[in-house]
Every structure is written in C-alpha cells, then in structure tokens.
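Beneath this line is the structure, given in structure tokens, with notes to follow.
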Amino acid sequence: MLEARLEQAGVLKKVVEAIKDLVQDCNFDCNDSGIALQAMDNSHVALVSMSLSHEGFSPYRCDRNIALGINLNSLTKVLRAAQNEDILTLKAADSPDSLNLVFENTERDRSSEYDIKLMDIDQEHLGIPDTDYSATVVLPSAEFQRICRDLSQLSESVTIEASKSSVKFSCSGDIGNGSVNLRQHQDLEKPDQSTSIELVEPVSLTFSLKYLVNFCKASALSPTVKLSLSTDVPLLVEYKMEAGYVRFYLAPKIGD
Amino acid sequence: YKTQHLMIVFFDVL
Numbered sequence: 333m334l335e336a337r338l339e340q341a342g343v344l345k346k347v348v349e350a351i352k353d354l355v356q357d358c359n360f361d362c363n364d365s366g367i368a369l370q371a372m373d374n375s376h377v378a379l380v381s382m383s384l385s386h387e388g389f390s391p392y393r394c395d396r397n398i399a400l401g402i403n404l405n406s407l408t409k410v411l412r413a414a415q416n417e418d419i420l421t422l423k424a425a426d427s428p429d430s431l432n433l434v435f436e437n438t439e440r441d442r443s444s445e446y447d448i449k450l451m452d453i454d455q456e457h458l459g460i461p462d463t464d465y466s467a468t469v470v471l472p473s474a475e476f477q478r479i480c481r482d483l484s485q486l487s488e489s490v491t492i493e494a495s496k497s498s499v500k501f502s503c504s505g506d507i508g509n510g511s512v513n514l515r516q517h518q519d520l521e522k523p524d525q526s527t528s529i530e531l532v533e534p535v536s537l538t539f540s541l542k543y544l545v546n547f548c549k550a551s552a553l554s555p556t557v558k559l560s561l562s563t564d565v566p567l568l569v570e571y572k573m574e575a576g577y578v579r580f581y582l583a584p585k586i587g588d
Numbered sequence: 086y087k088t089q090h091l092m093i094v095f096f097d098v099l
C-alpha cells in the first residue's frame, strides 16, 4: 500500500496546477523511491515529466509499484479544499479503486478527508534519453514567464538564440516584431536573479509560445528555471523543487 | 508531422 505524508499540501497543489492544462488523465507511478509521472500532451508535441522523491515525504511508505490513474481536473477540485500550509496524507491500497487524501491544518484541530475514484489509463511507455545539450540557460522563472507572455501578444512562436554571453528571445507577427536579450550576469546578493549560460556551441531554435506560456504555470514551484537546447532535440524546461522536479519537453518547430 | 515524429523518436515511445 501507499502512505505518503507531505508537510505542505501547497507542493502538490502547485505541481497539479502546473501540468493540468497540458495533460488531463495520467498515471501517478508510485514505488519505493517516490511518486513520478510522465505524459505527452494530446498533440504529441510536448511531454511532462514530474518526480517527487520519497525524501520529500515524511513518512513515505510504498511496498510495491502502484499506478494511480487520475483525472487531473478531479484532483484539482479536491486539492482546492486544501490550504497550502496543510499537512497532506495520500493513501492507496495495492490495487486501488480510489485515492484517499487527508488534509490537516497545522494546529491539528481540523482534518478533512476525500476519496478520488481512480481510472485505468493505458499510457505510452516513454524512455527519456540522457542528452548532452549545446546550451543550458538558467534564469529567474518570473523573467521567463514575463518574456513568454509578452512575446505571445505578438506571435505564435519564439526563436531562442543562445550565445556565449547572452540569450535572445525574438518573435515576429502581423503587428510587428519584438525581442528580449538577457546578458549573462551574476547577482551575488540575490543568486536567484542571476542569468547563467553554459555553452558548448551556439544554438538557435523556434518554439510554440502557446506551450511555453503553459509551462510557465510551474513558476510558483521554483524561483529559477533551466532551459536546455540542442538542434533538432526537444527543448527541456526544468523547474526544480526541494525534493523533485517538473520537466517539460517541447519539440522545436522544424518547418512542418 | 515532422514534429510528432521527432518526439516519438526522441522519447523512444514503446
């Protein structure tokens, strides 16, 4: 059986909020190392991969592999009943029909209990290869969100060009064009505000802004975001959490 | 559908 206690329900709330517009039904795969999720969006252009390590839970117990087939809209409805600071306990049997969620406030004088019906989801099995990227850019997640939102007003797609000292986001649309150039810089007082670039070779790729704007819903999970780029390889957008991550992969536009 | 093909090849969909 699964029993997992999360100190802050807000972590799961933010994770679900970040991915629910990309995928609707998906399996939460639970085993002794933690809870993971991998799913492609319906159009097979983007993929989300989420991991919550057992270290993020206290206690965490999962005797055998359990797949929890969950409709994320249903989970969102139930999680609305939890405060961010509530303690959240997830429980499921070995071959579960439902997932049990208990929310307790920090004073421990209120507890709420919900059960969500589970579904059988036949999901593609995906292997994510280890990849050496040409460029890796770390920037404030709020900055990335603002850039994607601003450029999406002008165009459906953005070109990301990484060079040794800067990363440029540019777009062109019917009303005109726009670009944002971020120079590599280190903010010693506020490291989360820094922009860093690791470059093997310069790279320039074009992506759909609709998806990137969607990924930015994960900004609440982390003050920084990491973009990894290589030619003809899906872009990796990673939000790290204290004990886990949410990663999005997005295919570049390659003239189809 | 080059994009979908790229995703399927990259992620080794079984």
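Residue numbers (our numbering), protein chains in the order written: chain A, 333 to 588; chain B, 86 to 99.
C-beta: ideal position from N, C-alpha, C; glycine also.
Rounded C-alpha distance that separates residue i from residue j
i        : j        : result
A/Val499 : A/Ala414 : 39 Å
B/Phe96  : A/Arg440 : 45 Å
A/Gly342 : A/Val380 : 19 Å
A/Pro566 : A/Lys558 : 14 Å
A/Val532 : A/Ser466 : 5 Å
A/Asp588 : B/Thr88  : Any reading at A/Asp588 must be qualified, since the residue scores a pLDDT of 48, below 50, and its modelled position is unreliable; no value is offered.
A/Ile367 : B/Leu91  : 28 Å
A/Gly388 : A/Arg337 : 9 Å
A/Lys346 : A/Ile586 : 32 Å
A/Glu488 : A/Leu411 : 32 Å
A/Pro391 : A/Glu335 : 8 Å
A/Glu456 : A/Leu520 : 44 Å
A/Thr421 : A/Asn359 : 18 Å
A/Arg579 : A/His376 : 16 Å
A/Ser504 : A/Gly510 : 6 Å
A/Asp353 : A/Ser551 : 14 Å
A/Ile507 : A/Leu486 : 7 Å
A/Asp364 : A/Cys394 : 5 Å
A/Glu349 : A/His517 : 31 Å
Integer-rounded CB distance, given that residue j should sit under 8 Å from residue i
i        : j        : result
A/Ala424 : A/Asn432 : 7 Å
A/Val490 : A/Phe476 : Their Cβ separation, rounded to whole angstroms, is 11 Å, which puts A/Val490 and A/Phe476 out of contact at 8 Å.
A/Ala494 : A/Val535 : 5 Å
N-terminal and C-terminal residue of the beta strand (DSSP E) that residue i is part of
i        : result
A/Asp353 : Element bounds for A/Asp353: n/a, residue is neither H nor E.
A/Ile367 : 366-372
A/Ser526 : First-last for A/Ser526: undefined, no H or E at that position.
A/Thr538 : 535-540
A/Ser406 : Note, A/Ser406: premise wrong, no beta strand (DSSP E); alpha helix (DSSP H) at 404-411.
N-terminal and C-terminal residue of the alpha helix (DSSP H) that residue i is part of
i        : result
A/Gln477 : 473-484
B/Phe95  : 87-95
Below 9 Å between beta carbons is the criterion; list the residues of the region 544-578 of chain A that meet it against any residue of chain B, in chain order. Listed by position along the chain: Asp564, Val565, Pro566.
Could you check whether the region 396-409 of chain A touches the region 447-456 of chain A, counting it as contact only if at least three pairs of C-beta atoms, one from each stretch, sit closer than 8 Å? Touching, yes, given that three or more Cβ pairs across the two stretches are closer than 8 Å.
Inter-stretch contact at 8 Å, needing at least 3 Cβ pairs: the region 356-370 of chain A / the region 548-564 of chain A: In short, these stretches do not touch, since the Cβ pair count stays below three.
Residues of the region 377-403 of chain A whose Cβ lies closer than 9 Å to any Cβ of chain B, in chain order: Listed by position along the chain: Val377, Ala378, Leu379.
Residues in the region 437-458 of chain A with C-beta within 7 Å of chain B's C-beta atoms, listed in sequence order? Correct list: Glu456, His457, Leu458.
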